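Remarks on the structure that follows.
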Amino acid sequence: MVAFKDHFSGVADVYLASRPTYPEALYDVIASAVPASAQVWEPGCGSGQATHGLAARFAHVHATDPSAAQVERHWAQGKTGSNVSLAVEPAETTALADHSVDLVAVAQALHWFDRYRFFATCERVLRPGGVLAAWTYQDIIFEDDLAEVAEKVRDDIDPYWPPERADVDMGYGDYVWPFEAIPTPRLWLTAEWNLPTLLGYFGSLSATGSYRAATGEDPVYAHTPALAEVWGDPQRVRTMRWPLILHLRRKPAA
């Protein structure tokens, strides 16, 4: 196995509990370009936030991640009769056979890959006419009384983002993609969260982990009193919104 940048094994449990799920509208767009009979490869699957939606739409999903800790916590782990298979392996060197899948689906993970090697792997494993789907969501847009204190959390952790974070901020817009683009609509990711879930989300960010490692302090804990004061009842539910950017690319049919 090749080396990879492991930002999430140490927070696998909180990642599982505190990451948003993707909207049906996302899978609708993908399904409009890929048949329901598709064999799907989902590299960088994490604990399975996207696998649910893919497995509900397509015949089979092979979900992989280089982090054994993430795969161990995948929702399909140990389930019989599922149309999901799991493997611990990097995206760049999958054991999948040549021309064996109809869809490669990458959810909030492409910026961690060696994408030139990964794109070459997509060329190898995709059947002619197959589709590469890659999506990313950017920062929560706070448009209410949480905005000021949430920005203070971000101000603390911003210097600790890895360089790949810039790719997310750009919505993968500067990538040199393989294959021809399929037009996609503007999408939004939303979630109904209470305060503990938002705190867990902040705690699961790679920049937060880097801040803790560098300083020995927890930036989320430091700002929790201010967030709690603004939030009110911690079980109160608020709507969180993220811009969701989807890229679809189709391999030539011949």
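Adding 119 to a residue's 1-based position in the sequence shown gives its number in the working numbering.
Every residue, glycine too, gets a C-beta built ideally from N, C-alpha and C.
Here the structure is a predicted model, which is why all the values come from computation and not from measurement.
Where does residue i fall in DSSP's three states?
i	result
Asp288	helix
Ala372	coil
Ser128	Caution is warranted here: a pLDDT of 46 is assigned to Ser128, below 50, making its placement in the model unreliable, and no coordinate value can be reported.
Pro278	helix
Ser201	coil
Asp263	coil
Asp221	strand
Val153	coil
Phe123	Low local confidence applies: a pLDDT of 45 at Phe123 is under 50, so the model's placement there is unreliable, and no value is given.
Ala169	coil
Just mark residue i as buried or exposed, buried being the case when its beta carbon has 16 or more other beta carbons within 10 Å.
i	result
Thr316	buried
Asp184	buried
Trp307	exposed
Met120	Any reading at Met120 is ruled out, since the residue's pLDDT is 37, under 50, leaving its predicted position unreliable.
Tyr134	Interpretation of Tyr134 is limited by its pLDDT of 48, a score under 50 that renders its predicted location unreliable; the figure taken from the coordinates is listed afterwards. Per the 10 Å Cβ criterion, buried.
Ala187	exposed
Ser166	buried
Ala266	exposed
Report the rounded CA-to-CA distance for residue i versus residue j, giving the unit in angstroms.
i	j	result
His193	Asp275	31 angstroms
Ile299	Leu324	Sequence inspection shows Glu at residue 299; the Ile mentioned does not correspond to that position. Near 32 angstroms, if we compare the C-alpha coordinates of Leu324 and Glu299.
Ala341	Val148	40 angstroms
Phe177	Gly290	26 angstroms
Thr358	Gly351	15 angstroms
Phe261	Thr334	27 angstroms
Gly163	Phe232	9 angstroms
Ala292	Gly197	In the sequence on display, residue 292 carries Gly and not Ala. Each residue's alpha carbon lies about 38 angstroms from the other.
Val349	Val356	13 angstroms
Arg234	Gln227	13 angstroms
Glu311	Val180	27 angstroms
Ala131	Asp264	Any reading at Ala131 needs caution, since the residue's pLDDT is 43, under 50, leaving its predicted position unreliable; the model's value is listed next. Spanning the two alpha carbons is a distance of roughly 30 angstroms.
Pro278	Ser329	9 angstroms
Thr212	Leu145	27 angstroms
Which stretch, first to last residue, makes up the alpha helix (DSSP H) that contains residue i?
i	result
Leu229	Unbroken run through Leu229: none, as it is neither H nor E.
Ala341	338 to 350
Val190	187 to 191
Thr327	325 to 334
Which whole-angstrom value describes the C-beta separation of residue i and residue j, a residue pair presumed to lie in contact below a C-beta threshold of 8 angstroms?
i	j	result
Ala169	Val203	Not a contact, Cβ separation roughly 11 angstroms.
Ala372	Gly248	4 angstroms
Val244	Trp160	6 angstroms
Ser219	Gln158	7 angstroms
Arg360	Ile259	7 angstroms
Ile301	Ala152	6 angstroms
If we define contact as Cβ-Cβ less than 8 angstroms, is residue i a contact residue for chain C?
i	result
Pro247	Structure shown: chain C not included; a single protein chain is present.
Can you tell me where the beta strand (DSSP E) holding residue i begins and where it ends?
i	result
Pro139	Per DSSP, Pro139 belongs to no beta strand (DSSP E) and is neither H nor E.
Glu311	306 to 312
Arg246	245 to 256
Thr183	179 to 184
Ala300	299 to 301
Trp160	158 to 162
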